[in-house]
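Here is the structure we will look at, set down as structure tokens.
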Amino acid sequence: MADQPFLQAKAVSKIYNGKHAAGVRNITIDIKPAIITAIIGESGSGKSTLLRLLYGLLSPQEGRVSFKGEMIWGPEEKLIPGHDQMKMVTQHADDLNLFANVWDNIATLLPNTNLAYKKERSEQLLRQLNMLHMADKKVAMLSGGEKQRVAIARALALKPEVLFLDEPFNQVDTSFREGLQRDIRRIVDETGIAVIMVSHDPAEVLSMADELVVIRNGEIIEHGAPQELYNHPQNFYTAKLLSNCTVLDNQQAKSLGIETELQKVVIYPEWISIVQSFMPKKWIVTHSLFKGPYEELVLTHDDVSIKMFNLEMGKYPLGKGVNIKVSKHLAY
Ligand SMILES: Nc1ncnc2c1ncn2[C@@H]1O[C@H](COP(=O)(O)OP(=O)(O)OP(=O)(O)O)[C@@H](O)[C@H]1O
Numbered sequence: 074m075a076d077q078p079f080l081q082a083k084a085v086s087k088i089y090n091g092k093h094a095a096g097v098r099n100i101t102i103d104i105k106p107a108i109i110t111a112i113i114g115e116s117g118s119g120k121s122t123l124l125r126l127l128y129g130l131l132s133p134q135e136g137r138v139s140f141k142g143e144m145i146w147g148p149e150e151k152l153i154p155g156h157d158q159m160k161m162v163t164q165h166a167d168d169l170n171l172f173a174n175v176w177d178n179i180a181t182l183l184p185n186t187n188l189a190y191k192k193e194r195s196e197q198l199l200r201q202l203n204m205l206h207m208a209d210k211k212v213a214m215l216s217g218g219e220k221q222r223v224a225i226a227r228a229l230a231l232k233p234e235v236l237f238l239d240e241p242f243n244q245v246d247t248s249f250r251e252g253l254q255r256d257i258r259r260i261v262d263e264t265g266i267a268v269i270m271v272s273h274d275p276a277e278v279l280s281m282a283d284e285l286v287v288i289r290n291g292e293i294i295e296h297g298a299p300q301e302l303y304n305h306p307q308n309f310y311t312a313k314l315l316s317n318c319t320v321l322d323n324q325q326a327k328s329l330g331i332e333t334e335l336q337k338v339v340i341y342p343e344w345i346s347i348v349q350s351f352m353p354k355k356w357i358v359t360h361s362l363f364k365g366p367y368e369e370l371v372l373t374h375d376d377v378s379i380k381m382f383n384l385e386m387g388k389y390p391l392g393k394g395v396n397i398k399v400s401k402h403l404a405y
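Below is the structure:
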């Protein structure tokens, strides 16, 4: 059927036994093919639980998960949970054969019935993950990031339609991480696979995802495109997750000329700029953190401190007084 949902959870709940009623509650979500969906939320909010329910590693207590109209059965209903068309890679990349080389770790998953295809597909996977030059290396000799690439190539070997990534880049350093992120984006664009990922890193989800799903205390509170959620978060929680922002109460916000009846005012660092003015310079630079291409400054006036980015390195040393302009704020 043309309008059959791809991967869908309907009113799914899974609450663990324990002192606190933790887990996920009444989750309804439609995952689309050929895009990257990222699930974000604070630690313990239920991200991994949701991922495992979608993948069939956990059985829901209520609701159902289906893939192209077919029910996904969890371990309570099925001896070997999961679905042939879905694969998961976690941060541990733990199903690798450390004593075999990279090539064999991948080729072994492909059928022997067509050796020409086996060779061609293994090569293609290694090329997609930028590992062709390491084909002969023993996996035990690889770095954490390289092992992660092999794990992803293995997961893709049989052309699944859905790839789950649970904090896949945690062990990987920044430069390697960006390369891997780009490769995953390219694979999604080239193959039409759906990627569903969980990550703690706002920069990562903002740059990688097409759709963000925000989860708090086991419930989805909002979802949408990264740009939309970043610029217009409906919830204070989402703004705090996505930006290293300043949070003020409405009294403190008055010192920036912001009047609101709502309790909390959120200002992202990039919404504050230093301006030249003849007015008394009431904001004092009280902290300065070197961040490589920019400095993160904390400016203080009475009991109010705000964070901003400064690209003019060294121009505003500690103790310097400045005037500022706030171009935008959010209130909750
Ligand atoms: N097997 C379990 N038994 C009991 N409680 C559990 C179990 N697994 C998870 N929980 C609890 O359920 C809640 C959600 O856990 P989950 O791992 O899904 O959160 P998360 O958002 O992925 O967290 P993190 O970002 O820290 O990995 C947490 O409070 C956790 O302690």
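Taking the working numbering, the leading residue of the sequence shown gets 74, the next gets one more, and so forth. Just so you know, even glycine gets a beta-carbon here, dropped at the ideal spot from N, CA and C.
The beta strand (DSSP E) that contains residue i, what's its start and end?
{"i": "V268", "result": "267–271"}
{"i": "M386", "result": "Neither: M386 is in no beta strand (DSSP E) and is coded neither H nor E."}
{"i": "K160", "result": "159–163"}
{"i": "T319", "result": "319–322"}
{"i": "I153", "result": "First-last for I153: undefined, no H or E at that position."}
{"i": "K337", "result": "337–340"}
{"i": "I288", "result": "284–289"}
At what residues does the alpha helix (DSSP H) containing residue i begin and finish?
{"i": "D256", "result": "247–264"}
{"i": "S22", "result": "This structure gives no information on residue 22, because the portion of the chain shown stretches from 74 to 405."}
{"i": "S121", "result": "120–128"}
{"i": "A111", "result": "It is not in any alpha helix (DSSP H) - A111 instead sits in the beta strand (DSSP E) that spans 109–113."}
{"i": "V223", "result": "217–229"}
{"i": "F421", "result": "Residue coverage of the chain in this structure runs from 74 to 405, which leaves residue 421 outside it and unanswerable."}
{"i": "L236", "result": "L236 -> not in any alpha helix (DSSP H); beta strand (DSSP E) instead, spanning 235–239."}
{"i": "I294", "result": "Segment 292–297 is the beta strand (DSSP E) holding I294; no alpha helix (DSSP H) there."}
Taking buried to mean at least 16 other C-beta atoms within 10 Å of its own C-beta, is residue i buried or exposed?
{"i": "Y89", "result": "exposed"}
{"i": "L188", "result": "exposed"}
{"i": "Q324", "result": "exposed"}
{"i": "Y303", "result": "buried"}
{"i": "Y389", "result": "buried"}
{"i": "I100", "result": "buried"}
{"i": "K120", "result": "buried"}
{"i": "N178", "result": "buried"}
{"i": "H93", "result": "exposed"}
{"i": "M214", "result": "exposed"}
{"i": "V97", "result": "buried"}
{"i": "Q81", "result": "buried"}
{"i": "N383", "result": "buried"}
Since residue i sits in a beta bridge, which residues does DSSP pair it with?
{"i": "Q134", "result": "In the DSSP output, where bridge partners are listed per residue, Q134 has none listed."}
{"i": "Q81", "result": "D103, S139"}
{"i": "M374", "result": "Per the sequence presented here, residue 374 reads as His, with Met not at that position. BP columns for H374 point to V377."}
{"i": "E368", "result": "F363, N383"}
{"i": "V395", "result": "W356"}
{"i": "V212", "result": "DSSP lists no partner for V212."}
{"i": "L199", "result": "DSSP, once it has assigned bridges, lists no residue as partnering L199."}
{"i": "M144", "result": "S139"}
{"i": "S86", "result": "E135"}
{"i": "A404", "result": "V338"}
When you measure from the CB of residue i to every non-hydrogen atom of ligand 3, does any distance come out below 7 Å?
{"i": "S400", "result": "The model on display carries ligand 1 but not ligand 3."}
If residue i and residue j are in contact, beta carbons under 8 Å, what's the gap, nearest whole angstrom?
{"i": "S328", "j": "N396", "result": "The Cβ separation is near 13 Å, so there is no contact."}
{"i": "A84", "j": "E135", "result": "6 Å"}
{"i": "S272", "j": "A111", "result": "6 Å"}
- [ ] Output the residues surrounding ligand 1, defined as those with a CB atom closer than 6 Å to any ligand heavy atom, in chain order.
- [x] Y89, G91, A95, G96, G114, S116, G117, S118, G119, K120, S121, T122
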